[in-house]
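Numbering-wise, the sequence shown is residues 1 to 76 according to this note's numbering. Reviewing the structure listed below.
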Amino acid sequence: MSHRFNVFGRIIAIERSGTAWTAYHIGNEGKRRPAGLAIPSDVPPAELAQYLYDIYHESATPTNGDVFEIAPGLSG
C-alpha cells in the first residue's frame, strides 16, 4: 500500500512493507529517493498526514502551509 502526500510543497511517498513504513522524496522528474524519515509502525494510515505535519511543520510557508494526501492508498 502506498500513499502520496504534498508536504508543504514537497511530494513524499509512504509505503507499507510488512509492519514497517518507508518514506521517499519524489523529485520533479518522478524519481524517488529515501527520505530518511522514521515513521513508527503503529501510526495508522489515517494519521500519516498529521504525523508528517508534526515532523515538517517548520517547512510551512505562506503559500505552502498544509499537508494533504494526493494519492490515497495506491496498490503497488
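Cβ coordinates follow ideal geometry from the N, Cα and C atoms, glycine included. On a predicted model such as this, the values are computed, not experimentally measured, just so you know.
The beta strand (DSSP E) runs of length 3 or more contained entirely in the segment 27-55 are, from start to end of the chain, 32-34. Taking the CA atoms as reference points, E15 sits about 24 Å from G65. Of all C-beta pairs linking the segment 54-72 to the segment 3-13, three or more are shorter than 8 Å, placing the two stretches in contact.
Inter-residue distance for G36 and P62 is about 26 Å (C-alpha atoms, whole angstroms).
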